[in-house]
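Residue numbers (the numbering used here): 23 to 428.
C-beta atoms are modelled at their ideal positions from N, C-alpha and C, and glycine is treated no differently.
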């Protein structure tokens, strides 16, 4: 049998009996895929890992807490044998052979009648790789193919979905965009990008892709946002795949809902791809956790683009000052002095630690530390410029401050 290659086939196990013998690490890895396939899974094992136990507790699988017995494979379509007992494995394998049940053995691939391929799934495509008894090679090939499908570098025959995708590009590091966002970028005809998006990703786009700087869209009598909405609609109605690439997350001070509403009114289908928000990722990039046990049980994200005394402000700064957790301020560089004064005036201690992180997660990242009493002057002296994320609270001192920028 070893001289012949395996015949690949996709098993449709929905509603069909699958028996897993052994509740250890192998079962823990394989069970989720079997459950996702809709299989009627019976686990036979005297013990199981906590994760497998949880699957039984939630009813995803049935678990008989005992050792394997002859007859356990009756009515099974597929069996996974994964115990440390060689004799039990041999007996179960022999029963599978008698009953013509396809059987995978974790301990002895040559004694099995089926092999588990290295698998990956991308947008409805299943990649399964077999390379005999070399699982590392299988996994490496699988990973390469899956990554190519995800980032669009491998051609796929897939239905082209017209419309617009609002893609959150993350805080700036091109590696922090989501897999789905990167794939949609690779499939785009037109990309309308914010300056705060991950700009390095634009260099990866094919030459035929039209890249439009949202800040440079001529808007004449229209407001800038209206002009962006119109550009999205115009290109989508021309039958192009359009990506609106934003920094962070589209719905965290990104006006994503405004664009979605405009597209809906125009009858344009829209996909929203969440992004990693700078409110969490940028503090994390400099070693600041927005929550920490015994230090902060909540964090609040606010916009600082208008000052506390501006009638347009929707932020209740007096209430924020009374909170003891972490305050994350976005778009607040120009107003941080006024914001700090308001927080102190309403009761937040003047010595509360503050960290300001400019261009977080990028090669230009820099951090300066201050307190509410000094942050206004510190930001001016350090010539901090947007984009920057400001963190207020004791979490700033949980880890040692980063070395000062040269």
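| Are residue 298 and residue 220 close, meaning C-beta to C-beta below 8 Å? | no
For residue 265 and residue 363, what's the separation of their Cα atoms in angstroms? 41 Å
### Query
If you follow the beta strand (DSSP E) that residue 376 is part of, which residue opens it and which one closes it?
375-380
When you compare each of 107, 197, 103 and 258 to residue 134 by their alpha carbons, which one comes out closest?
103
- Task: Report all residues from its chain with a CB closer than 6 Å to the CB of residue 421; omit the five preceding and five following residues, and keep chain order.
- Result: 309
Exercise for the section: With residue 339 as the anchor, note down where its alpha helix (DSSP H) starts and where it stops. Expected result: 339-344
Query - Whole-angstrom distance between residue 313 and residue 419, CA atom to CA atom - result: 12 Å
_Cβ neighbours of residue 273 in the same chain (closer than 7 Å, five flanking residues each side left out)_ = 279
Exercise for the section: Specify the secondary structure class of residue 325 as computed by DSSP and reduced to three states. Expected result: strand
CA-to-CA distance, residue 367 to residue 394, given in whole angstroms = 11 Å
Express the C-alpha separation of residue 143 and residue 116 in angstroms, rounding to a whole number. 32 Å
What residue does the beta strand (DSSP E) around residue 293 start on, and which one ends it?
292-295
>> Quick check on residue 268: does DSSP put it in helix, strand or coil?
In response: strand
Inset, instruction - Please report how far the alpha carbon of residue 425 lies from the alpha carbon of residue 376, in whole angstroms. - result: Per-residue confidence for residue 425 stands at a pLDDT of 49, beneath the threshold of 50, marking its modelled position as unreliable; the derived number appears in the next sentence. When rounded, the distance between both Cα atoms is 15 Å.
| message | Could you compute how far the alpha carbon of residue 185 sits from the alpha carbon of residue 261? | response | 8 Å
| query | Which first and last residues belong to the alpha helix (DSSP H) in which residue 205 is found? | reply | 201-208
Review point. What first and last residue would you give for the beta strand (DSSP E) that runs through residue 148?
Key: 147-151
Say whether chain B places a C-beta atom closer than 8 Å to the C-beta of residue 261. Looking for chain B here will not work: only one protein chain is present.
Proximity below 8 Å, CB of residue 296 to CB of residue 382: no
**Message:** Quick check: what's the CA-CA separation for residue 40 versus residue 146?
**Reply:** 23 Å
Local conformation of residue 138 per DSSP, three classes
coil
Check: For residue 215 versus residue 233, is the C-beta distance shorter than 8 Å?
Finding: yes
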